[in-house]
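With numbering that gives the first Met the number 0, letter number 78 in the sequence shown gets 77, and the count goes up by one each step, no holes. Even for Gly, the Cβ is constructed at its ideal location relative to N, Cα and C.
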Amino acid sequence: MLVLRSRWGNGRSTFTWLDNWHGHGSLLNKYGNRLVYDAASSLNSKLSDYILNGRWNFPHPVSTDMVQVVQNLLELHTSREEDIVEWVPPRNKMFTVAYAKEFIRTHGDRVV
0 MLVLRSRWGN GRSTFTWLDN WHGHGSLLNK YGNRLVYDAA SSLNSKLSDY
50 ILNGRWNFPH PVSTDMVQVV QNLLELHTSR EEDIVEWVPP RNKMFTVAYA
100 KEFIRTHGDR VV
């Protein structure tokens, strides 16, 4: 269930591997830690780390997953605007404070 999506602009506030900005959701969730390793990156890298003079500047892909990610990036355009996080509720759900609270609260094991 994806309820937060990053609309990135300059990439300074969007985490490359952790945030839902790519269309496939979090790249870490989709591809795993191996992709971070293949990019010679860290989990804390931002999209702006891979933008140089307004163009994508990813390292040469060394895996088929990385090739796929880089090919998808070539279709996306960078911007000078700030990144924005949007609330994207599941279908047929409206934004409510109760739903937001349920989404962000910690879910522990049920005590019986």
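Residue closest to L17, alpha-carbon to alpha-carbon, out of E81, S78, L46, E101: The count along the sequence shown starts at 1 and reaches residue 17 at position 18. Closest by alpha carbon: L46.
For A97 and H76, the rounded distance between their alpha carbons: Counting from 1 along the sequence shown, the entry for residue 76 is found at position 77. Counting from 1 along the sequence shown, the entry for residue 97 is found at position 98. If you take the alpha carbons of H76 and A97, they lie about 36 Å apart.
Rounded C-alpha distance that separates Y49 from M93: As a first step, residue 49 must be located in the sequence shown, where it is residue number 50. As a first step, residue 93 must be located in the sequence shown, where it is residue number 94. Spanning the two alpha carbons is a distance of roughly 35 Å.
T15 classed as buried or exposed, judged by whether at least 16 other C-beta atoms fall within 10 angstroms: Indexing the sequence shown from 1 puts residue 15 at position 16. Per the 10 Å Cβ criterion, buried.
CA-to-CA distance, H21 to V87, given in whole angstroms: Within the sequence shown, residue 87 is the residue found at index 88, counting from 1. Within the sequence shown, residue 21 is the residue found at index 22, counting from 1. Each residue's Cα considered, the two are about 14 Å apart.
G8 beta carbon less than 8 Å from that of D82: For the purposes of this step, residue 82 is taken as the residue at position 83 of the sequence shown. For the purposes of this step, residue 8 is taken as the residue at position 9 of the sequence shown. Against a cut-off of 8 Å, the Cβ pair of G8 and D82 comes out as a contact.
Own chain partners of P58 with C-beta closer than 7 Å, once the 5 adjacent residues on each side are dropped: Start at 1 with the first residue of the sequence shown, and residue 58 comes out as number 59. Counting only Cβ-Cβ distances below 7 Å, and skipping sequence neighbours, we find A38, A39.
Three-way DSSP call (helix, strand, coil) for T85 in this model: The residue you call residue 85 lines up with position 86 of the sequence shown. One detail in the question is off: residue 85 reads as Glu in this sequence, not Thr. Of the three classes helix, strand and coil, the one that applies to E85 here is strand, per DSSP.
CB of S5 within 8 Å of CB of V84, strictly: Position 6 of the sequence shown, counting from 1, holds the residue named residue 5. Position 85 of the sequence shown, counting from 1, holds the residue named residue 84. It is a contact, given that the beta carbons lie within the stated cut-off.
C-beta contact flag for W55 and L72 at 8 Å: Mapped onto the sequence shown, residue 55 falls at position 56. Mapped onto the sequence shown, residue 72 falls at position 73. Yes, the pair counts as a contact, with Cβ atoms nearer than the cut-off.
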